[in-house]
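K.L.:
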Amino acid sequence: MIRVAACYVMLLLACAIGIAPASVQARVSVQPSSCIGDVTDIRTGLPDPGVPGPFGFVREEYGDVDQTVKLPDVDYDAEFLAEVVYPENLECGPFPIVFIMHGGHATCFFTDENGEKRLDGSWPWPCEEGQEMVPNYKGYRYFAEILASHGIIAVSISANSINSNEGSLTARARLIQRHIGQWLAYSTDVASKYYRKVDLMRIGVVGHSLGGGAAAILVDLINSSPSPGDFLSGGKSTDIKAVLLIAPVAGTPESHRVTDTALAVLLPYCDSDENSMPGVYYYDASRYALPGDIGPKHSFEVIGANHNYYNTYWDPHSTDIEAKDDWDFLDVKFCVENNPDSGRLTSAQQRGTLIASGSAFFRTYLRNEKAFHPFLAGEAPPPPSSQVLGNKLYVAYHPKDEPEARLDLNRLTDPSEANMNTLNGAVMSGDLEVEFCDVVGGGGPSGCLTDLSTVWDGAAPHGLGEERVNQLHIGWNGSTVDPYYSNEIPAGLGDVSGYRAVQFRALVDMSDPLNAPGADQDLRIVLEDGAGLSASALVSDHSRALFFPPGDTPVGDNPVPRAIFNTVRVPLSAFDGIFLTDIRSVELVFDQTPSGAINIADIAFADEADNRPPQLSCTIAESPLMAAGNKIENVGLSVLVADDHDAGLVPSINVFSDEDDLDSEPQQSSPDAKDIADGTLRLRAERDSNEDGRVYLVVARAQDTEGALGHACCTAVVPPGNTDTDLDNVNLEAADALQQCTAFAAAAEGLTGVPAGFFVVGDGPVLGPQQ
């Protein structure tokens, strides 16, 4: 059952700004039976991050279009206006909070003589007479409401004044900062309904387009200065834990490096507004920017998504205000809506990819919910809430830089790693065309692709953009032996038993004639140990990352098809019969297709292995049960399951008793256990009058995805009488049963065994009226 979390108090610095929320605009009521647990709680449930959660939510605004504020480093006033969506039951807080910043778009519209709502192309602010404001900040409401339903406050900020002026990233960052200051004030004001209900040590930031660049600037501003501005104190009053960039613009070299903060970047494949795909810069530049970086990196390549449709007011299918599709390379049919060759997503599908990936990201890094890590790491397919299949959403993942989280085998960042890897092991290959693409140093093929007759940055953003990535180009063609690329691991460094997977980033070079147009690639990964034993796994059994980039070929003066890095990830559990404590080489074997060419980078062992079985707790709230009328009643069974890597594990529950259902005396009822599940178990307050009381023994077990089993036991008693001695004696029997239960539960395969002296209850014939 869901448990009530103890509220805790955070002492935050006051920042009295004095802006009260306006009246409630909308309320969606869903009353959970109790508060959703805070960051330390484990809950069971479906591992789909984007389905609506158990909280109702309230939507309201604060500030006003006519209210302005001054911002540091900005020579004009900005409006102070935001829409907040928060969990209806604020008493369950404090809650983490996410701030959302939109990008550049028209600020005002007018209604023409035909009743059409037309944009003012001059982007005025304030709006002129007869015009109305384009509510750009409300375009992410669909995402904010999902976050609020899962216990995350979402604040979407209006920045039309900045759009009307120079549209700078710094101004947007300072405006987000100003709103964070407002929430510092709310959370410390005893008169505010948000008093101690907001956890500003768990902040997330979302930015779309220019807002994405601003979100990264904000992190840099705060990290680079102990006193970053008038409206946000340094020190421990706030902490940005996670940043999500949606189709961001390019920032500065400093802001591209997002460190010690979880980073996610959404990359729309059919983005024509940011057609050079600068979103990859943030992931690429952040990977190795800071030794000991505790911030994981994620990217999501969304095939068929454009730039605009993540904001409902920029999507002509979702608003009656003038809007348009940003894709304007009309000769690239794959990205053109409403034609037979189109690969475009619908508006709902495109926003589904944000709902799924964004919810998974923030619930993981702001609420410590671990169920979604396989999706975020590219190990599991997109959840149903994404509304797309695995061939439309691809993931790249770079774990934090801690020994238990990542062992770099070959970063491929330096030309020397063409011959000796990051662990100082030899690098070898056979019957392959291998070329180290040193775009950072100026060497290698153009853009790290074989043949771009007309080079377009967006087609090869990792090799042509401002933040270029060195990578290895590998080609194979019709060999009679198995072409291979191998990285040796020196003796003493090959204990990888503590890791969950082996992984690398890869892309298929669509410009290389060794790749058949439209055909995906495949290969085997072979691990060899110190005893000479080897095991292999086929990449396509675990990953779809080696896909041929969709779009018109041959490559021309267009950004599509695009060569984007995604993560190939294979769990180490796929490699049988070898000693993971002493791996001596990792080999890529290219024997699955006659020919091909791919680029790779970032070879590593990743994520702490799940070497611990699930941990369970089992409690019964209603015990003892006093025999009275043979009633069967809910005993308040609560079973909690915690696992290092798997969440949403559902326990199996069996009920035993030292008296059998079939031993019923006259006037007794059966069965003695019904509705056998967490939160619903009913037990009968009945015992044999000739015995010394009755003990019910409940055994709960759970199995994780690695096959490890965990268990827990709890008891309920029916004493033989009403004296303290009667209760003491039957409790001693229960304590003895619990002591024996651990050994039984560990030995019983699938709960098929029965503890000595006990019977399975709940399986007897139906007797008596009390059912």
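Going by my numbering, the sequence shown opens with residue 11, and the numbers climb by one from there.
Note that beta-carbon positions come from the ideal geometry of N, C-alpha and C, so glycine has one too.
Here the structure is a predicted model, which means the values were calculated and not measured.
(1) Who are the near neighbours of PRO238 in its chain, counting only those whose CB is closer than 8 Å to its CB and skipping five residues on each side?
(2) Looking only at its own chain, which residues have a Cβ that is under 7 Å from the Cβ of GLY760, when we skip the five neighbours before and after it?
(3) For the region 423-437 against the region 522-529, are there 3 or more C-beta pairs whose distance is under 8 Å?
(4) Count the other CB atoms within 10 Å of the CB of VAL200; is the residue buried (16 or more) or exposed (fewer)?
(5) Taking THR262 as the reference, give the member of LEU254, SER247, PRO288 with the closest Cα.
(6) Specify the secondary structure class of ALA534 as computed by DSSP and reduced to three states.
(7) Could you name the residues of the same chain whose beta carbon sits closer than 8 Å to that of ASN318, not counting the 5 residues immediately before and after it, in chain order?
(8) Looking only at its own chain, which residues have a Cβ that is under 8 Å from the Cβ of LEU556, when we skip the five neighbours before and after it?
(9) Across which residues does DSSP place GLN625 in a beta bridge pair?
(10) Confirm, please, whether the CB-CB distance from GLN625 to GLY508 is below 8 Å.
(11) Taking only three categories from DSSP, how would you classify PRO765?
(12) Could you check whether the region 642-650 touches the region 608-618, counting it as contact only if at least three pairs of C-beta atoms, one from each stretch, sit closer than 8 Å?
(13) Return helix, strand or coil for PHE109, following the three-state DSSP convention.
(14) Opposite THR78 in the DSSP bridges: which residues?
(15) Rounded to the nearest angstrom, what separates ARG354 and VAL479 at their Cα positions?
(16) Using the C-alpha atoms, what's the distance from ARG692 back to ASP685?
(17) Residue range of the alpha helix (DSSP H) that LEU179 falls in?
(18) Considering only the beta carbon of each residue, do LEU482 and VAL449 sit closer than 8 Å?
(19) The alpha helix (DSSP H) spanning GLN713 covers which residue range?
(20) By alpha-carbon positions, which one of VAL506, PRO106, ARG421 ends up nearest to ILE593?
(21) Does the Cβ of MET111 have 16 or more other Cβ atoms within 10 Å, making it buried, or fewer, making it exposed?
(22) To the nearest angstrom, how far is the alpha carbon of ASN664 from that of MET211?
(23) At the level of alpha carbons, what is the spacing between GLU139 and ILE331?
(24) Rounded to whole angstroms, what's the CA-CA distance from GLY217 to GLU70? Just pull it up for me.
(25) Quick one, which of LYS380, ASN568, ALA712 has its alpha-carbon nearest PHE344's?
(26) May I ask you to list the residues that DSSP assigns as paired with CYS723?
(27) When the Cα of GLY542 is compared with those of VAL312, LEU590, VAL398, which residue comes out closest?
(28) Would you kindly check if the distance between the Cβ of LYS203 and the Cβ of PRO104 is under 8 Å?
(29) For LEU56, does the count of other Cβ atoms within 10 angstroms reach 16, so buried, or fall short, so exposed?
(30) Please tell me whether GLY161 and LEU254 are closer than 8 Å, where the distance is taken between their beta carbons.
(31) Which ranges does the beta strand (DSSP E) cover as unbroken runs of at least 3 residues, wholly within the region 581-636, from first to last along the chain?
(32) Within the chosen definition, does the region 85-94 reach the region 399-416 through at least 3 CB pairs nearer than 8 Å?
(33) Using the Cβ count rule (16 or more neighbours within 10 Å means buried), how would you classify LEU364?
(34) What is the C-beta distance between LYS410 and ILE304, in whole angstroms, given that I count them as a contact (C-beta under 8 Å)?
(35) Would you list the one or two residues that DSSP bridges to HIS218?
(36) Alpha carbon to alpha carbon, how far is SER667 from ALA766? Give it in angstroms, no decimals.
P.N.:
In terms of the structure at hand:
(1) By 1-based counting over the sequence shown, the position of residue 238 is 228. In this prediction, PRO238 has a pLDDT of 46, which is less than 50 and means its spatial position is unreliable; what the coordinates show is noted afterwards. Counting only residues of its own chain and dropping the five nearest sequence neighbours on each side, PRO238 has a CB closer than 8 Å to the CB of GLN187, LEU231, ILE232, GLY244.
(2) Counting from one through the sequence shown, the residue named residue 760 turns up at place 750. Residue confidence for GLY760 is low, a pLDDT of 42 falling below 50, so the modelled location carries little weight and cannot support an answer.
(3) Because the criterion of three Cβ pairs below 8 Å is not met, the region 423-437 and the region 522-529 do not touch.
(4) As a working mapping, residue 200 is identified with position 190 in the sequence shown. Per the 10 Å Cβ criterion, exposed.
(5) Here residue 262 refers to the residue found at position 252 of the sequence shown. If you compare the alpha carbons of LEU254, SER247, PRO288 with that of THR262, the shortest gap goes to PRO288.
(6) Working through the sequence shown from its first residue, we reach residue 534 at position 524. The displayed chain sequence assigns Arg, not Ala, to residue 534. For ARG534, the secondary structure class from DSSP, reduced to helix, strand or coil, is strand.
(7) For the purposes of this step, residue 318 is taken as the residue at position 308 of the sequence shown. For ASN318, where only same-chain residues beyond five positions count, the Cβ hits under 8 Å are ASP283, TRP324, ASP325, ALA333, LYS334, ASP335, ASP336.
(8) Taking the sequence shown and counting its residues from 1, one reaches residue 556 at position 546. Excluding residues within five positions, the ones whose Cβ falls inside 8 Å are ALA516, VAL518, ASP530, GLN531, ASP532, LEU533, VAL549, SER550, VAL578, ILE608.
(9) In the sequence shown, residue 625 corresponds to position 615, counting from 1. DSSP output for GLN625 lists ALA652 as bridge partner(s).
(10) To locate residue 508, count along the sequence shown from 1; it is residue 498. To locate residue 625, count along the sequence shown from 1; it is residue 615. Cβ distance not < 8 Å, so GLY508 and GLN625 don't count as in contact.
(11) In the sequence shown, counting from the first residue as 1, residue 765 sits at position 755. If DSSP states are grouped into helix, strand and coil, PRO765 belongs with coil.
(12) The region 642-650, when compared against the region 608-618, does not touch it at the 8 Å Cβ threshold.
(13) In the sequence shown, the residue the question calls residue 109 occupies position 99. Strand.
(14) In the sequence shown, residue 78 corresponds to position 68, counting from 1. Looking at the DSSP output, THR78 bridges to GLU89.
(15) The residue given as residue 354 occupies position 344 in the sequence shown. The residue given as residue 479 occupies position 469 in the sequence shown. So the two alpha carbons sit approximately 28 Å from each other.
(16) What you label residue 685 is simply residue 675 of the sequence shown in a count that begins at 1. What you label residue 692 is simply residue 682 of the sequence shown in a count that begins at 1. Whole-angstrom Cα-Cα distance: 6 Å.
(17) In the sequence shown, counting from the first residue as 1, residue 179 sits at position 169. Per DSSP, LEU179 belongs to the alpha helix (DSSP H) from 179-198.
(18) Numbered from 1 along the sequence shown, position 472 holds the residue referred to as residue 482. Numbered from 1 along the sequence shown, position 439 holds the residue referred to as residue 449. Not in contact: LEU482 and VAL449 (Cβ atoms no closer than 8 Å).
(19) Numbered from 1 along the sequence shown, position 703 holds the residue referred to as residue 713. That residue, GLN713, is in no alpha helix (DSSP H); its beta strand (DSSP E) goes 704-713.
(20) Reading the sequence shown from its first residue, position 583 is the one you call residue 593. Among VAL506, PRO106, ARG421, the Cα nearest to that of ILE593 belongs to VAL506.
(21) The residue you call residue 111 lines up with position 101 of the sequence shown. So MET111 counts as buried.
(22) Within the sequence shown, numbered from 1, the residue matching residue 664 stands at position 654. Within the sequence shown, numbered from 1, the residue matching residue 211 stands at position 201. Taking the straight line joining both Cα atoms gives about 42 Å.
(23) Indexing the sequence shown from 1 puts residue 139 at position 129. Indexing the sequence shown from 1 puts residue 331 at position 321. In this model, GLU139 and ILE331 are separated by some 18 Å (Cα to Cα).
(24) In the sequence shown, residue 217 corresponds to position 207, counting from 1. In the sequence shown, residue 70 corresponds to position 60, counting from 1. For GLY217 and GLU70, the distance between alpha carbons rounds to 21 Å.
(25) The residue you call residue 344 lines up with position 334 of the sequence shown. Among LYS380, ASN568, ALA712, the Cα nearest to that of PHE344 belongs to ASN568.
(26) The count along the sequence shown starts at 1 and reaches residue 723 at position 713. CYS723 is bridged by DSSP to VAL709.
(27) As a working note, residue 542 is residue 532 in the sequence shown. In terms of CA proximity to GLY542, LEU590 leads the group VAL312, LEU590, VAL398.
(28) Start at 1 with the first residue of the sequence shown, and residue 104 comes out as number 94. Start at 1 with the first residue of the sequence shown, and residue 203 comes out as number 193. At a Cβ-Cβ threshold of 8 Å, PRO104 and LYS203 do not count as neighbours.
(29) Walking along the sequence shown from the start, residue 56 turns up at place 46. Residue placement at LEU56 cannot be trusted, given a pLDDT of 45 that sits under 50; the coordinates are not used to answer.
(30) Working through the sequence shown from its first residue, we reach residue 161 at position 151. Working through the sequence shown from its first residue, we reach residue 254 at position 244. No; because the gap between Cβ atoms is not below 8 Å, this pair is not in contact.
(31) Runs of the beta strand (DSSP E) lying entirely within the region 581-636 and spanning at least 3 residues, in chain order: 593-599, 605-618, 625-630.
(32) The region 85-94 is not in contact with the region 399-416.
(33) For the purposes of this step, residue 364 is taken as residue 354 along the sequence shown, with counting starting at 1. With 16 or more other Cβ atoms within 10 Å, it is buried.
(34) The count along the sequence shown starts at 1 and reaches residue 410 at position 400. The count along the sequence shown starts at 1 and reaches residue 304 at position 294. The C-beta distance from LYS410 to ILE304 rounds to 5 Å, short enough to fall under 8 Å.
(35) The count along the sequence shown starts at 1 and reaches residue 218 at position 208. DSSP lists ILE256 as partners of HIS218.
(36) One-based indexing of the sequence shown puts residue 766 at position 756. One-based indexing of the sequence shown puts residue 667 at position 657. CA-CA distance, ALA766 to SER667, rounds to 10 Å.
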